[in-house]
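Only one structure is covered here, and it is reproduced in the block below.
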Amino acid sequence: MSDHYERVKIELQQMKEVERDAAADVEQLSPASVSSVPADVSFTARRDLSRSSINGRSRSKSRSKADGYERQVNGKQLSDLTPQKSDYSQGQSRVSNEPNLHIKGTARLLKGKTATNGHVESCQRQTDGKEDVSKVAKKRRTVTVDTSKAKTSLEALKMSIRQLKWKEFPMGRRTACDIYWHGVSFHDNENIVSGQVNKFPGMIEMLRKINLSRAVRTVQELFPEEYNFYPRSWILPEESQLFSTQIRLLKDNDATLKPTFIVKPDSGSQGDGIYLIRDPADLRVISGSQIKQAVVQEYIQKPLLIDKLKFDIRLYVLVRSLEPLEIYIAKEGLSRFCTEPYQEPSQKNLSHVFMHLTNYSLNVHSGNFVHSDSCSTGSKRTFSSVLYRLASKGVDIKKVWSDIIALVIKTVIALVPELKVYYQADIPPGKPGPTCFQILGFDILLMKNLKPVLLEVNANPSMRIEHEQEVSPGVFEYVPSPVDEEVKVGVIRDTLRLMDPAQRKQHVTSNTGGGSPEEAIVVETGSDEKEGSADSLPSLCLKQVFPKYTKQFNYLRVVERIAAIFLRFLGVKGTMRLGPTSFRTFIRNCKLSNSSFSMASVDILYIDITRRWAGMLPDSREAGMCLQAFIEAFFYLAARRSKALPLREQVVLLLEVCEGALEGQSHSEKPRPHRSHTNPASSQSSAPTTFSSPALTRRRQRPLQLSAKANTEN
Numbered sequence: 118m119s120d121h122y123e124r125v126k127i128e129l130q131q132m133k134e135v136e137r138d139a140a141a142d143v144e145q146l147s148p149a150s151v152s153s154v155p156a157d158v159s160f161t162a163r164r165d166l167s168r169s170s171i172n173g174r175s176r177s178k179s180r181s182k183a184d185g186y187e188r189q190v191n192g193k194q195l196s197d198l199t200p201q202k203s204d205y206s207q208g209q210s211r212v213s214n215e216p217n218l219h220i221k222g223t224a225r226l227l228k229g230k231t232a233t234n235g236h237v238e239s240c241q242r243q244t245d246g247k248e249d250v251s252k253v254a255k256k257r258r259t260v261t262v263d264t265s266k267a268k269t270s271l272e273a274l275k276m277s278i279r280q281l282k283w284k285e286f287p288m289g290r291r292t293a294c295d296i297y298w299h300g301v302s303f304h305d306n307e308n309i310v311s312g313q314v315n316k317f318p319g320m321i322e323m324l325r326k327i328n329l330s331r332a333v334r335t336v337q338e339l340f341p342e343e344y345n346f347y348p349r350s351w352i353l354p355e356e357s358q359l360f361s362t363q364i365r366l367l368k369d370n371d372a373t374l375k376p377t378f379i380v381k382p383d384s385g386s387q388g389d390g391i392y393l394i395r396d397p398a399d400l401r402v403i404s405g406s407q408i409k410q411a412v413v414q415e416y417i418q419k420p421l422l423i424d425k426l427k428f429d430i431r432l433y434v435l436v437r438s439l440e441p442l443e444i445y446i447a448k449e450g451l452s453r454f455c456t457e458p459y460q461e462p463s464q465k466n467l468s469h470v471f472m473h474l475t476n477y478s479l480n481v482h483s484g485n486f487v488h489s490d491s492c493s494t495g496s497k498r499t500f501s502s503v504l505y506r507l508a509s510k511g512v513d514i515k516k517v518w519s520d521i522i523a524l525v526i527k528t529v530i531a532l533v534p535e536l537k538v539y540y541q542a543d544i545p546p547g548k549p550g551p552t553c554f555q556i557l558g559f560d561i562l563l564m565k566n567l568k569p570v571l572l573e574v575n576a577n578p579s580m581r582i583e584h585e586q587e588v589s590p591g592v593f594e595y596v597p598s599p600v601d602e603e604v605k606v607g608v609i610r611d612t613l614r615l616m617d618p619a620q621r622k623q624h625v626t627s628n629t630g631g632g633s634p635e636e637a638i639v640v641e642t643g644s645d646e647k648e649g650s651a652d653s654l655p656s657l658c659l660k661q662v663f664p665k666y667t668k669q670f671n672y673l674r675v676v677e678r679i680a681a682i683f684l685r686f687l688g689v690k691g692t693m694r695l696g697p698t699s700f701r702t703f704i705r706n707c708k709l710s711n712s713s714f715s716m717a718s719v720d721i722l723y724i725d726i727t728r729r730w731a732g733m734l735p736d737s738r739e740a741g742m743c744l745q746a747f748i749e750a751f752f753y754l755a756a757r758r759s760k761a762l763p764l765r766e767q768v769v770l771l772l773e774v775c776e777g778a779l780e781g782q783s784h785s786e787k788p789r790p791h792r793s794h795t796n797p798a799s800s801q802s803s804a805p806t807t808f809s810s811p812a813l814t815r816r817r818q819r820p821l822q823l824s825a826k827a828n829t830e831n
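Residue numbers for the sequence shown follow the working numbering, so the first one is 118 and each next one is one higher.
Structure representation (structure tokens):
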């Protein structure tokens, strides 16, 4: 009994010391607030609490009268003294019947079991009011958003900020904001060193028609079956001759086949400059000295029709981060309809843009365009209304959604490698800078057999929630669009909720379960994403699909592993090109040279591939080997080592060799070669003059396989 008495006596002395220290701290900060706020709560929290009503009682009441009463602070209940049962705020479980000792002035509790003799045993210090008040203070901290560069998305953004009760700065702010909303590019504001920006560096460049086609083509080399959702494409003008040759051979083999092709300007938007052809000779000659770059693509001749009209789907996809990769898909999208009944392409109707092109910016000028306040009628509808209509006809819409989710994940995986190169060039490791996220617009077409086909991806999808309407001849005004508002405001608002700084700190990407590669994606109808939700807001309209399905799709990230090696050997911060010395260092460190593949051959390989890609990328001002050129060189090296295997196995084996060699090196001593773009072959005149990479050869000689059969109905 005496030992227990001594132990309790010591604990009481410790309590008194803590109480005296806390009281001294309170007196130094704000003596007037001691009676109503725990001592170790921040000044801001005390100021907020002092303004709040406390169970309807006047703040002028003395400490003795206030103690023991539960206080209401912004809807959260706090107790100064808790000898009785109480409910903790923030959804914590009810306190048990075990007695609690309150350490006055510190908001600390000593909690333990009651023995039969009435003494408290196994005392354990717990937190009570302090942590609850801290959580309230954190939640009350207003998130700031700089909207000065928002441009056309401004109205939807303003509505979203009002719903979240955040603080908007429409003219910018001298001090840093939590979130910067840009309208066009990451570089809309060059002076951001912290916070979050809604654009990734390089996203605009990557989603141009040519670069998107190249990125998908690269992964198609490794995974042709998995990436068959993107139509066969040719890049103009560099592949004009290849296109003409392949189409001529195709028609020679089958005279009855009459394919149609769609030509899209590389940097075009809103349907500008798009046209259909049936023969390579119909390619329009561009006047002037500058040849305009474009993509010519196989036209899907058997689309799914509703009300005899062709339509496409605009889905909004949030890329929350690149490392780790996080992808969200909006549960609701837009269905955009043509305004002229569809007919299969013929020489007579190729120019009927209102029949063949689903672009809203084109069809809105048609006399048949229908503006509707209903989500299930008109020329622009919600995607869910289309799904419900398909479901009423017996279509498995879960399968449709599953295929669309797979398409989105695979497309983003194809884009990530080069996006990481852009990101490191603009925000090198160790350099102050913001984190990035971005909403992308995926344009998807459903074929007659319900297979989704990727048309394009937009870096800056329209976020307008109003449309232009002619109220009288020659007089136009903007009127609200209920369909756009329902979809777009939800996407922006819930993107902001996911990017809330408080949520980002708490967010842990532990949900990497997903299914095995053999399992299908599970589409949970009506499932809600609770993350970031608030009592006054609906559940998130954005569904996480990655890393949720990591196990199902992670095997596709082979090119990303190649890009990691490329980034390791760049050497100079801010550059996106590999110099010849850096390429040599890569070969040497990965032990890829031997008696049959000397360093002189390495130099020739570098020159041959780099020169060819320099001709394909005329706008580039930086010399050296770009990522796509490095990937081609990597494919060549892989094929050289394992000639009998398929390309995918060749590349994976070489990756394992390189990663094993680099892993054995010291992590603290990454290669730092001198940046040099001098001609390494100037003294190698005896070396071979050209290398023909198998990747390029396959691209040039691969037989044309149009999806005419795939277009037919299942």
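Think of the CB as a built atom: it goes at the ideal place given N, C-alpha and C, for glycine as much as any other residue.
### Message
Looking at the secondary structure, which residues open and close the alpha helix (DSSP H) in which L771 lies?
### Response
Start at 1 with the first residue of the sequence shown, and residue 771 comes out as number 654. Segment 764-780, the alpha helix (DSSP H) holding L771.
#### Entry: Limits of the beta strand (DSSP E) - the one that A447 falls within
Sequence index remark: in the sequence shown, residue 447 carries index 330 (1-based). It spans 442-447 - the beta strand (DSSP E) in which A447 sits, taken as one unbroken run.
### Task
Go ahead and label K833 buried or exposed: buried means 16 or more other beta carbons lie within 10 angstroms of its beta carbon, across all protein chains shown.
Since the first and last residues shown for the chain are 118 and 831, residue 833 lies out of range.
### Message
Quick check: L567 and V517, are their CB atoms within less than 7 angstroms of each other?
### Response
For the purposes of this step, residue 567 is identified with residue 450 of the sequence shown, where counting begins at 1. For the purposes of this step, residue 517 is identified with residue 400 of the sequence shown, where counting begins at 1. Cβ distance < 7 angstroms, so L567 and V517 count as in contact.
### Query
Exposed or buried, what is Y445 when buried is set at 16 or more other beta-carbons lying within 10 Å of its beta-carbon?
To locate residue 445, count along the sequence shown from 1; it is residue 328. Buried.
#### Entry: Bounding residues of the alpha helix (DSSP H) (the contiguous stretch that carries S699)
Here residue 699 is taken as the residue at index 582 of the sequence shown, counted from 1. S699 -> alpha helix (DSSP H) spans 697-706.
#### Entry: Assumed close pair E91, I726 - CB separation to whole angstroms, cut-off 8 angstroms
The structure shown does not extend to residue 91, since the chain spans only 118 to 831, so no value can be given for it.
### Query
For H299, is the classification buried or exposed, using 16 other Cβ atoms within 10 angstroms of its Cβ as the cut-off for buried?
Start at 1 with the first residue of the sequence shown, and residue 299 comes out as number 182. Classification for H299: buried.
### Query
Over what stretch of residues does the beta strand (DSSP E) that includes I582 continue unbroken?
By one-based count along the sequence shown, residue 582 stands at place 465. From DSSP, I582 is part of no beta strand (DSSP E); its letter is neither H nor E.
### Task
Alpha carbon to alpha carbon, how far is V301 from N308? Give it in angstroms, no decimals.
In the sequence shown, residue 308 corresponds to position 191, counting from 1. In the sequence shown, residue 301 corresponds to position 184, counting from 1. N308 and V301: Cα-Cα distance of roughly 16 angstroms.
### Message
Would you call the region 322-332 in contact with the region 531-542, where contact means no fewer than 3 C-beta pairs closer than 8 angstroms?
### Response
yes
### Task
Give the C-beta separation of Y433 and V608 to the nearest angstrom, bearing in mind that I take them to be a contact with Cβ-Cβ under 8 angstroms.
Start at 1 with the first residue of the sequence shown, and residue 433 comes out as number 316. Start at 1 with the first residue of the sequence shown, and residue 608 comes out as number 491. The pair is a contact, with the Cβ atoms about 5 angstroms apart (cut-off 8 angstroms).
### Query
Does the region 450-466 come close enough to the region 417-437 that 3 or more CB-CB pairs lie under 8 angstroms?
yes
### Message
Could you check whether Y595 and E583 sit closer than 7 angstroms to each other, using their CB atoms as the reference points?
### Response
For the purposes of this step, residue 583 is identified with residue 466 of the sequence shown, where counting begins at 1. For the purposes of this step, residue 595 is identified with residue 478 of the sequence shown, where counting begins at 1. Yes, Cβ-Cβ distance for E583 and Y595 is below 7 angstroms.
#### Entry: Residue from R701, R610, I423 with nearest C-alpha to S656
Taking the first residue of the sequence shown as 1, we reach residue 656 at position 539. S656 has its Cα closest to that of R610, out of R701, R610, I423.
### Task
Quick one: give me the first and last residue of the beta strand (DSSP E) that H299 is part of.
Residue 299 sits at position 182 when you count from the first residue of the sequence shown. Residues 296-299.
### Query
Who are G591's beta bridge partners in DSSP?
Translated into the one-based positions of the sequence shown, residue 591 becomes position 474. According to DSSP, which records beta bridges pairwise, G591 is partnered with nothing at all.
### 7 angstroms Cβ shell around S710 - same chain, five flanking residues per side excluded
Translated into positions along the sequence shown, residue 710 becomes position 593. Answer for S710: I704, M716, V719, listed in chain order.
### Backbone secondary structure at P420 - three-state DSSP
Residue 420 sits at position 303 when you count from the first residue of the sequence shown. Here P420 sits in strand by DSSP.
### L567 - containing beta strand (DSSP E), residue span
One-based indexing of the sequence shown puts residue 567 at position 450. First-last for L567: undefined, no H or E at that position.
### Query
Apart from the five residues on each side of it in sequence, which residues of its chain come closer than 7 angstroms, Cβ to Cβ, to T98?
This structure does not reach residue 98, given that the chain is present from 118 up to 831, and the question cannot be answered.
### Query
Is the beta carbon of V768 sitting closer than 7 angstroms to the one on A755?
By 1-based counting over the sequence shown, the position of residue 768 is 651. By 1-based counting over the sequence shown, the position of residue 755 is 638. For V768 and A755, yes; Cβs fall inside 7 angstroms.
### Task
Report the rounded CA-to-CA distance for F303 versus S493, giving the unit in angstroms.
On the sequence shown, position 186 is the one that residue 303 refers to. On the sequence shown, position 376 is the one that residue 493 refers to. Computed Cα separation, rounded: 36 angstroms.
### Message
In whole angstroms, give me the CA-to-CA distance for Y477 and G696.
### Response
Here residue 477 corresponds to residue number 360 of the sequence shown, with the count starting at 1. Here residue 696 corresponds to residue number 579 of the sequence shown, with the count starting at 1. Their Cα atoms are separated by approximately 45 angstroms.
### Message
Tell me the residue span of the beta strand (DSSP E) that contains R392.
### Response
Within the sequence shown, residue 392 is the residue found at index 275, counting from 1. The question names Arg, yet the displayed sequence has Tyr at residue 392. Start and end: 392-394.
### Task
May I ask which residues mark the beginning and end of the beta strand (DSSP E) holding E342?
Here residue 342 corresponds to residue number 225 of the sequence shown, with the count starting at 1. E342 -> no beta strand (DSSP E), and no H or E assigned at all.
### Message
Just verifying my parser: in three-state terms, what is the DSSP assignment at Q555?
### Response
Within the sequence shown, residue 555 is the residue found at index 438, counting from 1. If DSSP states are grouped into helix, strand and coil, Q555 belongs with the strands.
### Task
Could you check the C-alpha separation between I417 and I530 for me, to the nearest Å?
Walking along the sequence shown from the start, residue 417 turns up at place 300. Walking along the sequence shown from the start, residue 530 turns up at place 413. The straight-line gap from Cα to Cα measures roughly 24 angstroms.
#### Entry: Cutoff 6 angstroms; reference Q661; Cβ partners in own chain excluding five residues on either side
Counting from one through the sequence shown, the residue named residue 661 turns up at place 544. Closer than 6 angstroms at the Cβ level, and outside the excluded window around Q661, lie Y445.
### Message
For S239, count the other beta carbons within 10 Å of its own beta carbon; 16 or more makes it buried, fewer makes it exposed. Which is it?
### Response
Sequence index remark: in the sequence shown, residue 239 carries index 122 (1-based). The pLDDT assigned to S239 is 41, lower than 50, so where the model puts this residue is not dependable, and the model offers no usable value.
### Query
In chain order, what residues of the same chain have a beta carbon less than 8 angstroms from the beta carbon of E535, not counting five sequence neighbours either side?
Against the sequence shown, residue 535 aligns to sequence position 418. Excluding residues within five positions, the ones whose Cβ falls inside 8 angstroms are G319, M323, N328, A332, A680, L744, Q745.
### Cα-Cα separation, M564 to Q460
As a first step, residue 564 must be located in the sequence shown, where it is residue number 447. As a first step, residue 460 must be located in the sequence shown, where it is residue number 343. If I take the Cα positions, the gap works out to 14 angstroms.
### Message
Can you tell me where the alpha helix (DSSP H) holding S277 begins and where it ends?
### Response
Looking up residue 277 in the sequence shown gives position 160. S277 -> alpha helix (DSSP H) spans 271-281.
### Task
Just mark Y505 as buried or exposed, buried being the case when its beta carbon has 16 or more other beta carbons within 10 Å.
The residue labelled residue 505 in the question sits at position 388 within the sequence shown. The residue in question, Y505, is exposed, as its Cβ has fewer than 16 Cβ neighbours within 10 Å.
### Query
Quick one, which of V262, E443, K708, S489 has its alpha-carbon nearest V600's?
Counted from its first residue, the sequence shown places residue 600 at position 483. Ranking the options by Cα distance to V600, first place goes to S489.
#### Entry: Contact under 7 angstroms by Cβ, Q620 with K316
Residue 620 sits at position 503 when you count from the first residue of the sequence shown. Residue 316 sits at position 199 when you count from the first residue of the sequence shown. Between Q620 and K316, the C-beta spacing is not below 7 angstroms.
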